[in-house]
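Numbering-wise, the numbering used here puts 294 at position 121 of the sequence shown, and it's gapless, one number per residue. Here is the structure we will look at, set down as structure tokens.
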Amino acid sequence: NEISQDAIAAFEQIEAWGICIDQTVLAQFSQYIELEIDKVAKLLVPYGYNHKEPEKSTFNPSSNKQVAELVYTKLGLPVKKKTEKGTPAVDKEALKELSDKHPVCAALSEWVHVNKMKSTYIDSIVYNIKEDSRIHPDIDITGARTGRTSVHRPAMQTIPRPETVIGKYARDLFTVASGYTLVESDY
């Protein structure tokens with residue numbers, strides 16, 4: 174109980190102090206993600222997607238219904254996985270599993286991935302940066318279903334591993350002033 178009380182006090186301090194965001198890394202990361210989105214969008218042009226003018230598109234790769242229609246109806250690919258509601262799955266994993274059947278599935282899987290990274294690590298951080306160039310996340314000591322600590326605004330416990338380009342950028346966003354150390358831990 175004493176450890177929990179100390180942890181709560183420490184987390185409250187972290188929330189109040191905030192975590193510095195390196196604006197240069199944020200700009201570079203944003204540019205990298207936009208280039209990745211553009212690269213994937215070009216692969217979707219033959220299927221009716223117009224990334225530069227989405228209103229002119231006949232296909233929206235962010236619409237699960239339209240993706241399912243393309244993959245399972247138009248292309249006739251086999252349904253390997255279904256959602257809880259019984260509809261054919263079009264999540265990243267389902268599309269990746271079908272990528273050997275048709276190249277558009279790999280492109281759609283990558284589309285889901287890079288847009289998730291943009292919304293989670295670019296848009297969410299930009300939205301939550303305060304005037305002090307810091308984010309002040311909400312830390313919930315028992316917020317996860319497993320009873321572990323969770324962090325919201327942004328969801329920092331889901332940052333990808335640094336072995337990937339996106340993971341490296343995402344981790345490099347968080348910085349500290351000279352003389353301080355940034356610590357990653359699991360409670």
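Where a beta carbon is used, it is the ideal one built from N, C-alpha and C, also for glycine.
Assigned exposure category for residue i - 16 Cβ within 10 Å defines buried
i           : result
residue 284 : buried
residue 353 : exposed
residue 300 : exposed
residue 228 : exposed
residue 240 : buried
residue 280 : buried
Close-in-space but distant-in-sequence residues of the same chain around residue i (CB under 6 Å, 5 per side omitted)
i           : result
residue 278 : 268, 271, 272
residue 224 : 214
residue 244 : 250
residue 237 : 263
residue 202 : 342
residue 260 : none
Own chain, CB closer than 7 Å to residue i, minus 5 neighbours either side, in chain order
i           : result
residue 256 : 262
residue 349 : 193, 355
residue 333 : 339, 340, 343
residue 330 : 323, 324
residue 307 : 191, 192, 193, 194
residue 246 : none
residue 230 : 221, 222, 223
residue 158 : In the structure as shown, the chain starts at 174 and stops at 360, and residue 158 therefore has no counterpart that could be examined.
residue 253 : 267, 270, 271
residue 328 : 293
Spatial neighbours of residue i in its chain, beta-carbon cut-off 8 Å, leaving aside the 5 residues before and after
i           : result
residue 211 : 224
residue 335 : 341, 344
residue 314 : 177, 180, 181, 184, 322, 360
residue 276 : 216
residue 305 : 191
Expected contact under 8 Å - CB spacing of residue i and residue j to nearest Å
i           : j           : result
residue 312 : residue 187 : 6 Å
residue 310 : residue 326 : 5 Å
residue 199 : residue 298 : 7 Å
residue 234 : residue 217 : 5 Å
query = Is the number of C-beta pairs between the region 331 to 351 and the region 288 to 298 that are closer than 8 Å three or more?
reply = In the pairwise beta carbon analysis, the region 331 to 351 is classified as touching the region 288 to 298: at least three pairs are separated by under 8 Å.
request  = Jot down the residue ranges of each uninterrupted alpha helix (DSSP H) in the region 188 to 257, minimum 4 residues, whole runs only, in chain order.
outcome  = Runs found: 196 to 217, 237 to 241.
ask   = At which residue ranges does the region 272 to 301 contain complete beta strand (DSSP E) runs of 3 or more residues, listed in the order of the chain?
value = Listed in chain order, nothing qualifies, since the region 272 to 301 has no complete beta strand (DSSP E) run of 3 or more residues.
request  = Please list the segments of the beta strand (DSSP E) lying wholly inside the region 323 to 360, counting only runs of 3 or more residues, in order along the chain.
outcome  = List check, beta strand (DSSP E) in window: 323 to 325.
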